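Enquirer: Structure below; questions to follow.
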Amino acid sequence: MESVAITLFPFLLVIVAICFSFCDANSNVLCIESERNALLKFKNDLVDPSNRLSSWVEGGDCCKWLGVVCHNSTGHINQLHLAAPLPVPHFDAPVAEWEAYHRSKNKSPLRGKIISSLLELKHLSSLDLSNNNFRSNIPKFLGMLRSLTYLNLSHAQFQGGIPHNLGNLSKLQYLDLGGNYLKPKSLQWVSGLSFLQYLDLSYADLRKATDWLQATFQHPSLLELHLSACSLEDDPSPINVNSTKSLVVLDLSENNFSSVPMSIFGLHGLLSIDLSSNSLEGPISDYFRNISFLEVLDLSGNLLNSFTPNSLFSLNHLQFLNLSSNEIDQDVSEILLSLSRCCLDCLESLDMSHNHLFGHLIDQLGHFKNLAHLSLAANNISGPIPLSIGELSSLKFFDVSENQLNGTFPDCFGQLESLETLNLGCNLLEGVVSETHFSNIKRLTTLEASQNRLRFQPNSSWILPFQCRIIKLGQWHLGPKFPRWLKFQKNLSVLDMSNAGISDILPTWFLNLSTQFEYLNLSYNQLKGGISHLNVREFVDLRSNRFTGPLPRVFPTLQYLMLSNNSFSGPLFKLVCNPLRKGPMECLAIKGNLLSGEILDCWNHWRGLDYLNLENNNLTGKIPPSLGHLNLSVLNLRNNDMFGELPSTLQLSTSLIMLDLSDNHFSGSVPTWIGDKLSKLEILSLRSNNFEGHIPQKICQLQSLRILDLGNNNISGSIPKCFSNLSAMANKSNQNSYMFQWLITRTNLFCMRILLVLKGRVDEYSTTLGLVTSMCLSTNRLIGAIPKELGSLVELQSLNLSGNLLIGNRPNEIGNMELESLDLSMNQLNGEIPSSFSNLNFLNHFNVSYNNLTGQIPTSTQLQSFGNFSYMGNHLYGPPLTKNRSTYRTPTNVANNGSRS
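Using our numbering, the letters of the sequence shown correspond one by one to residues 5 to 905.
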């Protein structure tokens, strides 16, 4: 839901005056010499990286300098506007806010010292230094600029206290100090600003300013107050405040209130209240009905759990209501009926997304005639979409995604001529969508309806009646032909037609569309043919199709490129060694193709790459040294034909969480720097290579390691006793793991996958990978006894030591583990199976075959559930084997000249 601002006071006309002044006010006046000199002194103490003040020169007409506005008749400087680039807007901010941001981007922030020469500007009424980088206290002398009516120091990196003498600015009407690092101890100075109408102290730490309530709520002229993110909390001993009748707009968002301050309900003139992103609990307060003129109420991002019929009963002027991101667990029909009784004719925007609403949408929804914005996304609402939606003639935004709505795609959408955004994604809608559903929707710019069971196959000559910027129809049935109706979309920026049943050659006209995509997802279809180029700026996902030929040319700014599971062939050279790359690519995934040749050593201009997956290709050669300079989080080169020792530069990749080099021909020793430098490593797979030598003791320093696979190499020596230090295998630490933190900050496209030998077979683990702990040292030349210290790894789920030269007894401590899979087969272990193994209650795979084990198999539910295969090649008896004690014969001790032991 877009933020809503109500502004009724005249001082905002200052902005219009500023624009007028820049255009015309200075045309026929010359600046006053003393004021020009004051500005030049002011400039001399500033750092101006982008030379914004280049027009400020000795002897020039200062009334024509950038940011300076002089009075038409007197020539006195009365306005100084030196604001730097605007802060980056929120992603769903209004278009106008984004346009203003882009216009300001070429201005670098000013730095340096603000000196008192500004006091020479005795007629200065407006001063704007916002969005700069001063990193200092607010100068006290600003409180002596007695002519100021407008002062904006927001987002300028000011810190410390607020000078009390700002209270001397008796003419000040507008004061914005928001977005700084201020820590005032009192706000008493505000009472001296008798004409103040607008005050913004957002992001100031007001925990010590205990008088904030009296200083602001009692102010006689204040119309608009912003105290967002000021660390305000519930007052344990609330006081009665004779609240002002003037306050119209109140913003207390992003604080720590658990209940609405009662003083608010005495502000009967309020038109707008923002209490979003606090910790408000329980039902929505009934006291809001006392503020009968309220037009805007934002309670989003709290812990509110219910909506009572009386909560907003008398709010007959309510236009904007935001209850999103709360814990409201209630029938949506009850809330809609309550709202219909108070604001049926005035409500324009309703957002109740991200709650726990259930029940069905009711026909009364169509009676909110002025409703332009409706979001009910991410709830548990079921049933069909009511046909009365078609009566909402003012509706521009409709989002019911991530619910359980069923039925068909309603024909009534075709009546919504004002509709601009339609989001029905992630529901249970089914049936056929036809041209008539869109016949009268000519303003639509966003169509999102992925993850439904809908079919759309319009006439091949049909042309969409609207020009969309976003189309997301993933999991619709759009094939088998590639949709021709896309051919005439000229503004398309985001397109998702993944898993859409398309089995066709990707048409040339699509690759040559005049529009430049930001996001393109055609994954999980049967698209085929070659791709010469991709005109996409940020995100491409073409996974799991049948594309062939060389890798396509890509746009220099592309950040995500996913081409896995196709039949692309040829070398990586043109993609990787392209010197025209601009900016970092975060993800490159081309696994499961037919790529060949070496990975060339030209990765230096790929700084910023976080995820690289080239597994299951035909790549050869060594790992290039420059790859180690990227500081990747994930590197997967599994199942290629690569060889050589691991380059020492890989130790520079200290952010590595997953390193999979399995199924290649790498050789040499396992590097000690893996344990010494790659401290974040959680998954290490060097399986099926030609590594030799001993397992380095430094591996034991990897306290985050949860999966270790060194199987099928030529590694010798003993198993390190210090494996007991692998704390992630001994403690429940998954939720605090680097991998968990990495995944929650990225999309599900980054789901890690790895092949593991667990439970006697090779399986791919992906969505459950974060829950797996495994150690595989199988098929090597390890000697000695199994160290009892392994028994401390109680969180280990799979242990595979098969196919080695291990001797001696099995440690009793293994019985203390919670293993699901244990494979000790094909070693030279002797003695009896420890009775503690009967405590392994979670086992679903167990193999001790082909050792020299003797005696009775311990009795337990699990050990008796495995077949003969798990025990063959030993001298064991008892269930599940048919051999019992009476038929058991002690094996011949070869070392004792054939006598019985």
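Here a beta-carbon is modelled for each residue, glycine too, at the ideal position from N, C-alpha and C. All figures in this text were calculated on a predicted structure; none of them were measured in a lab.
Please list, in chain order, all residues of the same chain as residue 209 whose beta carbon is under 6 Å from its beta carbon, the five residues on each side excluded.
Expert: For the purposes of this step, residue 209 is taken as residue 205 along the sequence shown, with counting starting at 1. Excluding positions up to five away in sequence, the list reads 187 and 235.
Enquirer: Output the distance between the C-alpha atoms of residue 822 and residue 564, rounded to the nearest integer angstrom.
Expert: The count along the sequence shown starts at 1 and reaches residue 822 at position 818. The count along the sequence shown starts at 1 and reaches residue 564 at position 560. Roughly 40 Å between the two C-alpha positions.
Enquirer: Thinking C-alpha only, which one of 495, 57 and 532 is nearest residue 520?
Expert: Position 516 of the sequence shown, counted from the start, is the residue given in the question as residue 520. 495 is the residue among 495, 57 and 532 whose C-alpha sits nearest the C-alpha of residue 520.
Enquirer: Report, in whole angstroms, the separation of the C-beta atoms of residue 421 and residue 444, which I expect to be a contact under 8 Å.
Expert: Position 417 of the sequence shown, counted from the first residue, corresponds to residue 421. Position 440 of the sequence shown, counted from the first residue, corresponds to residue 444. That pair is a contact at about 5 Å.
Enquirer: Can you tell me whether residue 70 is buried or exposed? The criterion is at least 16 other CB atoms within 10 Å of its CB, across all chains shown.
Expert: Reading the sequence shown from its first residue, position 66 is the one you call residue 70. Result: exposed.
Enquirer: Quick one: is residue 396 buried, meaning 16 or more other Cβ sit within 10 Å of its Cβ, or exposed?
Expert: Translated into positions along the sequence shown, residue 396 becomes position 392. By the 10 Å Cβ count, residue 396 comes out buried.
Enquirer: What first and last residue would you give for the alpha helix (DSSP H) that runs through residue 346?
Expert: The residue labelled residue 346 in the question sits at position 342 within the sequence shown. Residue 346: member of the alpha helix (DSSP H) spanning 336-347, first to last residue.
Enquirer: Starting from residue 39, trace the alpha helix (DSSP H) in both directions and tell me its first and last residue.
Expert: For the purposes of this step, residue 39 is taken as residue 35 along the sequence shown, with counting starting at 1. If you look at residue 39, you'll find it in the alpha helix (DSSP H) that goes 37-48.
Enquirer: Residue range of the alpha helix (DSSP H) that residue 451 falls in?
Expert: Mapped onto the sequence shown, residue 451 falls at position 447. Note, residue 451: premise wrong, no alpha helix (DSSP H); beta strand (DSSP E) at 450-452.
Enquirer: Bridge partners of residue 287, per DSSP?
Expert: Locating residue 287 in the sequence shown gives position 283, where the first residue counts as 1. In DSSP, residue 287 forms a bridge with 310.
Enquirer: Quick check on the burial criterion: 16 or more other C-beta atoms within 10 angstroms. Buried or exposed for residue 297?
Expert: Here residue 297 is taken as the residue at index 293 of the sequence shown, counted from 1. Burial call: exposed.
Enquirer: What are the boundary residues of the beta strand (DSSP E) that includes residue 719?
Expert: Working through the sequence shown from its first residue, we reach residue 719 at position 715. Here the beta strand (DSSP E) through residue 719 covers 718-721.
Enquirer: Which same chain residues end up closer than 6 Å to residue 133 when comparing Cβ atoms and leaving out the 5 residues on each side of it in sequence?
Expert: Taking the first residue of the sequence shown as position 1, residue 133 is located at position 129. Here the set comprises 86, 157 and 160.
Enquirer: Kindly identify the DSSP beta-bridge partner or partners of residue 646.
Expert: Locating residue 646 in the sequence shown gives position 642, counting from the first residue. Residue 646 is bridged to 625.
Enquirer: Tell me, please, which residues DSSP counts as bridged to residue 696.
Expert: Residue mapping note: residue 696 aligns to position 692 of the sequence shown, counting from 1. Answer is 673 and 718.
Enquirer: The alpha helix (DSSP H) with residue 476 in it runs from where to where?
Expert: As a first step, residue 476 must be located in the sequence shown, where it is residue number 472. Run containing residue 476: none in the alpha helix (DSSP H); it sits in the beta strand (DSSP E), 474-476.
Enquirer: Could you check which residue in 446, 491, 528 and 470 has the C-alpha nearest to that of residue 480?
Expert: The residue you call residue 480 lines up with position 476 of the sequence shown. Looking at the Cα atoms, 528 is the closest of the given residues.
Enquirer: Alpha carbon to alpha carbon, what distance is there between residue 142 and residue 219?
Expert: By 1-based counting over the sequence shown, the position of residue 219 is 215. By 1-based counting over the sequence shown, the position of residue 142 is 138. About 20 Å.
Enquirer: Relative to the C-alpha of residue 73, which residue among 137, 130, 358 and 554 is closest?
Expert: What you label residue 73 is simply residue 69 of the sequence shown in a count that begins at 1. Checked all of 137, 130, 358 and 554; the closest Cα to residue 73 is 130.
Enquirer: Compute the distance between the beta-carbons of residue 570 and residue 550, then report whether it is under 8 Å.
Expert: Along the sequence shown, one-based indexing puts residue 570 at 566. Along the sequence shown, one-based indexing puts residue 550 at 546. Yes. Within cutoff.
Enquirer: First and last residue of the alpha helix (DSSP H) that includes residue 577?
Expert: Residue numbering aside, residue 577 sits at position 573 when the sequence shown is read from its first letter. Counting along the chain, the alpha helix (DSSP H) containing residue 577 begins and ends at 577-580.
Enquirer: Would you kindly report the start and end of the unbroken beta strand (DSSP E) that includes residue 543?
Expert: On the sequence shown, position 539 is the one that residue 543 refers to. Residue 543 -> beta strand (DSSP E) spans 540-545.
Enquirer: Considering just the uninterrupted stretch of the alpha helix (DSSP H) at residue 217, what are its terminal residues?
Expert: In the sequence shown, residue 217 corresponds to position 213, counting from 1. Unbroken alpha helix (DSSP H) run through residue 217: 216-221.
Enquirer: Only counting the same chain, and skipping five residues up and downstream in sequence, which positions put a Cβ closer than 8 Å to that of residue 578?
Expert: Taking the sequence shown and counting its residues from 1, one reaches residue 578 at position 574. 554, 555 and 557, listed in sequence order.
Enquirer: From residue 985 to residue 322, what does the alpha carbon distance come to, in whole angstroms?
Expert: With the chain covering 5 to 905 only, the question about residue 985 has no answer from this structure.
Enquirer: Taking residue 412 as the reference, which of 434, 427 and 318 has the closest Cα?
Expert: Indexing the sequence shown from 1 puts residue 412 at position 408. When each option's Cα is compared against that of residue 412, the closest is 434.
Enquirer: Let me confirm a value: residue 61 is counted as buried when at least 16 other C-beta atoms fall within 10 Å, else exposed. Which label applies?
Expert: The sequence position of residue 61 within the sequence shown is 57, counting from 1. When all chains shown are included, residue 61 counts as exposed.
Enquirer: Assign residue 654 to one of three DSSP states: helix, strand, or coil.
Expert: The sequence position of residue 654 within the sequence shown is 650, counting from 1. Note: residue 654 maps to helix in three-state DSSP.
Enquirer: Buried or exposed: where does residue 485 fall if 16 or more other Cβ atoms within 10 Å of its Cβ makes it buried?
Expert: Along the sequence shown, one-based indexing puts residue 485 at 481. Only exposed fits residue 485, as fewer than 16 other CB atoms lie within 10 angstroms of its CB.
Enquirer: Taking buried to mean at least 16 other C-beta atoms within 10 Å of its own C-beta, is residue 333 buried or exposed?
Expert: In the sequence shown, counting from the first residue as 1, residue 333 sits at position 329. With fewer than 16 neighbouring CB atoms inside 10 Å of its own CB, residue 333 falls in the exposed class.
Enquirer: Among 299, 602, 43 and 381, whose alpha-carbon lies nearest the alpha-carbon of residue 328?
Expert: In the sequence shown, the residue the question calls residue 328 occupies position 324. Ranking 299, 602, 43 and 381 by Cα distance to residue 328 puts 381 first.
Enquirer: Do the CB positions of residue 295 and residue 317 come within less than 8 Å of each other?
Expert: Counting from 1 along the sequence shown, the entry for residue 295 is found at position 291. Counting from 1 along the sequence shown, the entry for residue 317 is found at position 313. In this structure, residue 295 lies away from residue 317, with their beta-carbon atoms at least 8 Å apart.
Enquirer: Which residue marks the beginning of the beta strand (DSSP E) containing residue 858, and which one marks its end?
Expert: Here residue 858 corresponds to residue number 854 of the sequence shown, with the count starting at 1. Where residue 858 is concerned, the enclosing beta strand (DSSP E) stretches over 856-860.
Enquirer: Give the secondary structure of residue 839 by DSSP, where H, G and I count as helix, E and B as strand, and everything else as coil.
Expert: Residue 839 sits at position 835 when you count from the first residue of the sequence shown. DSSP, reduced to helix, strand and coil, places residue 839 within a helical segment of the structure shown.
Enquirer: Have a look at residue 717 and residue 566 and give me their C-alpha separation to the nearest angstrom.
Expert: Within the sequence shown, numbered from 1, the residue matching residue 717 stands at position 713. Within the sequence shown, numbered from 1, the residue matching residue 566 stands at position 562. Inter-residue distance for residue 717 and residue 566 is about 31 Å (C-alpha atoms, whole angstroms).
Enquirer: Helix, strand or coil, according to DSSP, for residue 19 in the structure here?
Expert: Locating residue 19 in the sequence shown gives position 15, where the first residue counts as 1. Residue placement at residue 19 is poorly supported in this model, since its pLDDT is 43, which falls under 50; the coordinates still yield a value, given next. Of the three classes helix, strand and coil, the one that applies to residue 19 here is helix, per DSSP.
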